[in-house]
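Asker:
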Amino acid sequence: MNLQRIVWGNVAIALLSFFFVFAGLQTVSAAASDPLTQVKGSVDSILQIVQDNKPELQGKLADSFRQEIIDLVYDRFDFRVMSQLALARNWKTISSQEQDHFVFLFAKLLENTYYDRLNSYAGEQVIFKTQRIQKNKAVVSSVVVRNDTETPVVYKLRHKDNDWLVYDVIIEGVSLVRNYRTQFASIIEKEKYPGLIKRLEDKIAKNESDK
Amino acid sequence: MRNLLSKLSSPGVAIFLALVVFRLLLAPVGMASEEDFFEDGWGDEDFSVQASVANGGMVDPLESLNRVFFNFNDRLYFWVLKPVAQGYKAVFADEDVRLCFSNAFHNLSSPIRIVNNLLQGKIIGAGSELASFLINSTLGIAGLADPAHKEFGLLDSDEDFGQTLGSYGVGNGFYICWPFLGPSSLRDTVGTVADSFADPLSYWTASGESGGYALQGGKQVNKISLHIGKYERFKDASFDPYVAVRDAYAQHRHSRVTDEVDAASGYGVSRLERPAEEIPATSVANAQPVPQVVTPPVQKSVELPVPATVSKVSWDAMQPGFFVLVGVYRDPSNIKQQRERVVRVGKGALVARYQRADYSFFGVEVPVGADFAKAKQMEQDLRRAGFAETMVVMH
């Protein structure tokens, strides 16, 4: 009995070690490209540019940094998937040229809307907390801390060509993509797809003229 | 004060206690939400083109009336509340002062959160809120400071009666945009009214004394003064602000009811309630999963909960002992399918699931202290129940 126990124990330990070494190798090779590290990298790079170039965190960020920041965003966000999810069932009813055009407009809209938010950055801290990976998708959670107020921000990502790309941002439980999806659905219902494109173009034109 | 006590000793208290008992009996049923978030909450539904629900899961039969009130509130904000809040902000220019007021109002509404945590069977949440209330009311000087959060590390567990009803399975009903009060639903309107019975401030207002009204007004203006610009930015980013607000309300309330945000970020969940598997991601990535290395104290404090479901626990946090491995899976839904049968065979032993980066393995933890024969017996039982690939391992 005792012998059996020792034998079994050793076999188990050997198997487990093999299992864990194998698992360890997998996680090490995955570490450089894990979703949290990648989103954090992008967010930190952008905040670094803002902190370095906005003295006392007052006033506006010089336009010369715009392209650099926008590039970082475009490297990390998958605007095509975001567009697809925002249009939902309407995505398949439009031609591939229309799809490309929509992706361009939606990305431009988000770029204009959220770039200006950087100007109101006042030293908030972004703390990344956990990540969960399931097949080719991941959820990375973070909090934005300002004056002891924590705002939970969750990123949803998809694995694509060795990169994890963000396809949705959920702030305080509200998904950006879902919120636009509801609005787009309501506009398409009343004004059809061309009406939506016109609304997008108008809003982008307005943003550009406000700059 | 005596007035308040006499109000509290009404039949309402008896109903409340009955509900608490009822909820405690149901408690284990509600344990699955954290797991569901992981397995279903962000699954393929996102990529399904049929997934679009026009109103974000909130029906809106009163849309035309609601839009009138929405526009009224919009103007009320820009023409009255915002200028008032800006004037107030000029008087209390130091944001820290306004944050202290905000803390005090938050502390004063603790009874609402304590009651609703209890009604949802969240004992730790209720305890954490009660402890915060006691600490902040005394050491925190009537709630102006927040030592419970800052020094004692207690976390909020923000529950209200709308969420409680939601957790019992009551749906939103329909969307209501109230004048002055803003977005709500039928369910949450009932919730707000019910919560006012647990809110000391509303008793003071109801007593008709002017001080109560002044405080209610002060509470709102103070709140707005801390969030000027938030509504403007949200409105600016949207195409149809009415639809955007309605959808955001529906989504936000849904996430509060299901505690999805809590599950994702650990926000709002007491540390003890957090599953051990949620170690910070950096350590997940570099984890050396060799059993029994160094066990962080947080993981040690995790008690093995309700054995009726698959519990996600940390391998490293387990006491040395035997574990009968049932299977290794890339897709956790496979575990879900087999869970019931394994739980039946396990007869009360902890059915545990260990999560790795892209796969999980699960099986039965042989009770601590049991010898190897016991583990073999468990394995035999599992084999007889049709699990051919079992293996006894040590950790």
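First to last, the protein sequences are chains Z and S.
Here our numbering is used: the first residue of the first sequence is 11, the next is one more, and so on.
Here our numbering is used: the first residue of the second sequence is 14, the next is one more, and so on.
By construction, the Cβ of each residue, glycine as well, lies at the ideal position given by its N, Cα and C atoms.
Bear in mind that the values here come from a model prediction, so they are computed numbers and not experimental data.
Going along the chain, which residues of its own chain have a beta-carbon closer than 8 Å to the beta-carbon of A117/S, five neighbours each way excluded?
Answerer: As a position in the second sequence, residue 117/S is number 104, starting the count at 1. Hits under 8 Å: A155, G156 and L157.
Asker: Alpha carbon to alpha carbon, what distance is there between H111/Z and D212/Z?
Answerer: Within the first sequence, numbered from 1, the residue matching residue 212/Z stands at position 202. Within the first sequence, numbered from 1, the residue matching residue 111/Z stands at position 101. Going by the C-alpha atoms only, they are around 15 Å apart.
Asker: Buried or exposed, going by whether 16 or more other CB atoms sit within 10 Å of the CB of Y10/S?
Answerer: This structure leaves residue 10/S out entirely; chain S is present only between 14 and 408.
Asker: Give the residues of chain S in contact with E211/Z, contact being defined as C-beta atoms less than 8 Å apart.
Answerer: Locating residue 211/Z in the first sequence gives position 201, where the first residue counts as 1. None at all; the shortest Cβ gap to chain S is about 12 Å.
Asker: Would a C-beta distance cut-off of 8 Å place V187/Z and A117/Z closer than the cut-off?
Answerer: What you label residue 187/Z is simply residue 177 of the first sequence in a count that begins at 1. What you label residue 117/Z is simply residue 107 of the first sequence in a count that begins at 1. Cβ distance not < 8 Å, so V187/Z and A117/Z don't count as in contact.
Asker: Closest to R269/S by CA distance: which of F385/S, Q133/S and E378/S is it?
Answerer: In the second sequence, the residue the question calls residue 269/S occupies position 256. Per the Cα distances, Q133/S.
Asker: Which residues in the same chain as C113/S place their Cβ atom closer than 8 Å to its Cβ, once the five residues preceding and following it in sequence are excluded?
Answerer: In the second sequence, the residue the question calls residue 113/S occupies position 100. The answer, listed in chain order, is L157 and A158.
Asker: Please decide whether S185/Z counts as near chain S, where near means a Cβ-Cβ distance under 8 Å.
Answerer: By one-based count along the first sequence, residue 185/Z stands at place 175. Judged by the 8 Å Cβ criterion, S185/Z is in contact with chain S.
Asker: For A211/S, which of V341/S, G359/S and R126/S has the nearest alpha-carbon?
Answerer: The count along the second sequence starts at 1 and reaches residue 211/S at position 198. Per the Cα distances, R126/S.
Asker: Rounding to the nearest angstrom, what Cα-Cα distance links L89/S and T205/S in this structure?
Answerer: By one-based count along the second sequence, residue 89/S stands at place 76. By one-based count along the second sequence, residue 205/S stands at place 192. Roughly 21 Å separates the two Cα atoms.
Asker: On the three-state DSSP scale, how would you describe F400/S?
Answerer: One-based indexing of the second sequence puts residue 400/S at position 387. Coil, per DSSP.
Asker: Looking at chain Z, is there any beta carbon in it that lies within less than 8 Å of the beta carbon of V282/S?
Answerer: Sequence index remark: in the second sequence, residue 282/S carries index 269 (1-based). In this prediction, V282/S scores a pLDDT of 35, lower than 50, which makes its location untrustworthy; no coordinate-derived value is stated.
Asker: By how many angstroms is the C-alpha of P162/Z removed from the C-alpha of D169/S?
Answerer: Locating residue 169/S in the second sequence gives position 156, counting from the first residue. Locating residue 162/Z in the first sequence gives position 152, counting from the first residue. The straight-line gap from Cα to Cα measures roughly 13 Å.
Asker: Report back the beta-carbon spacing between L228/S and L239/S to the nearest angstrom; my notes put them in contact at under 8 Å.
Answerer: If you number the second sequence from 1, residue 228/S lands on position 215. If you number the second sequence from 1, residue 239/S lands on position 226. Actually they are not in contact, since the Cβ atoms of L228/S and L239/S sit about 17 Å apart, beyond 8 Å.
Asker: I'd like to know if N63/Z contacts chain S, where contact means its C-beta is closer than 8 Å to some C-beta of that chain.
Answerer: Here the question's residue 63/Z lines up with position 53 in the first sequence. Not closer than 8 Å to any Cβ of chain S, the Cβ of N63/Z fails to qualify, so no.
Asker: Going by the CB atoms, is the gap between V60/Z and Y131/Z shorter than 8 Å?
Answerer: Mapped onto the first sequence, residue 131/Z falls at position 121. Mapped onto the first sequence, residue 60/Z falls at position 50. With a cutoff of 8 Å on beta-carbon distance, Y131/Z and V60/Z are scored as near each other.
Asker: Output the residue ranges of the alpha helix (DSSP H) runs that lie fully inside the stretch 202–243 of chain S and measure 4 residues or longer, sorted by chain position.
Answerer: 213–219 and 223–239
Asker: Residue range of the alpha helix (DSSP H) that S145/S falls in?
Answerer: What you label residue 145/S is simply residue 132 of the second sequence in a count that begins at 1. Note, S145/S: alpha helix (DSSP H), I136 to T151.
Asker: For Q193/Z, go through chain S and note every residue whose CB falls closer than 8 Å to its CB, in chain order.
Answerer: For the purposes of this step, residue 193/Z is identified with residue 183 of the first sequence, where counting begins at 1. Result: S251, F252, D253, V256, A257 and D260.
Asker: Can you give me the Cβ contacts of F146/S inside the same chain, cut-off strictly under 6 Å, excluding the 5 residues immediately before and after it?
Answerer: Within the second sequence, numbered from 1, the residue matching residue 146/S stands at position 133. Excluding sequence neighbours, F146/S sits near S123.
Asker: Mind checking whether R80/S and Y244/S have CB atoms under 8 Å apart?
Answerer: The sequence position of residue 80/S within the second sequence is 67, counting from 1. The sequence position of residue 244/S within the second sequence is 231, counting from 1. In this structure, Y244/S does not lie closer than 8 Å to R80/S by Cβ.
Asker: Between which two residues does the alpha helix (DSSP H) containing R90/Z stretch?
Answerer: Counting from one through the first sequence, the residue named residue 90/Z turns up at place 80. R90/Z -> alpha helix (DSSP H) spans F89 to L97.
Asker: Taking only beta-carbon positions, decide if R188/Z is within less than 8 Å of chain A.
Answerer: Absent from the structure is chain A; the protein chains it does hold are Z and S.
Asker: In angstroms with no decimal places, state the Cα-to-Cα distance between S283/S and A139/S.
Answerer: Locating residue 283/S in the second sequence gives position 270, counting from the first residue. Locating residue 139/S in the second sequence gives position 126, counting from the first residue. Because the pLDDT at S283/S is just 31, under 50, the model does not fix this residue reliably, and the point stays unresolved.
Asker: Alpha helix (DSSP H) containing D54/Z: first to last residue?
Answerer: Taking the first sequence and counting its residues from 1, one reaches residue 54/Z at position 44. Looking at the DSSP string, the run of the alpha helix (DSSP H) that includes D54/Z is P45 to N63.
Asker: Is V113/Z close to the ligand NAP? I mean its beta-carbon at under 7 Å from any heavy atom of the ligand.
Answerer: The ligand NAP is not part of the structure shown, which contains no ligands of any sort.
Asker: Residues of chain S with CB closer than 9 Å to the CB of I197/Z, please, in chain order.
Answerer: If you number the first sequence from 1, residue 197/Z lands on position 187. By Cβ distance, chain S contributes F252, D253 and V256.
Asker: Check whether chain Z comes within 8 Å of E273/S, counting only Cβ atoms and requiring the distance to be less than that.
Answerer: Taking the first residue of the second sequence as 1, we reach residue 273/S at position 260. Cβ-Cβ to chain Z under 8 Å: yes for E273/S.
Asker: Count the CB pairs spanning the stretch 333–341 of chain S and the stretch 381–395 of chain S that are closer than 8 Å, and state whether there are at least three.
Answerer: They touch, by the three-pair rule.
Asker: Checking 8 Å against the spacing of the C-beta atoms, do V258/S and V97/S come in under that value?
Answerer: On the second sequence, residue 258/S is found 245 positions in, with the first residue counted as 1. On the second sequence, residue 97/S is found 84 positions in, with the first residue counted as 1. Taking 8 Å as the Cβ cut-off, V258/S and V97/S do not qualify as a contacting pair.
Asker: Quick one: Cα of A401/S to Cα of M331/S, how far?
Answerer: As a working mapping, residue 401/S is identified with position 388 in the second sequence. As a working mapping, residue 331/S is identified with position 318 in the second sequence. Spanning the two alpha carbons is a distance of roughly 25 Å.
Asker: Compute the Euclidean distance between the alpha carbons of K139/Z and D85/Z, then round it to the nearest angstrom.
Answerer: Residue numbering aside, residue 139/Z sits at position 129 when the first sequence is read from its first letter. Residue numbering aside, residue 85/Z sits at position 75 when the first sequence is read from its first letter. When rounded, the distance between both Cα atoms is 22 Å.
Asker: Closer than 7 Å between beta carbons: that is the criterion. Which residues of the stretch 109–121 of chain S meet it against chain Z?
Answerer: L112
Asker: Chain Z beta carbons: is any one of them nearer than 8 Å to that of R200/S?
Answerer: To locate residue 200/S, count along the second sequence from 1; it is residue 187. Chain Z contact via Cβ: absent.
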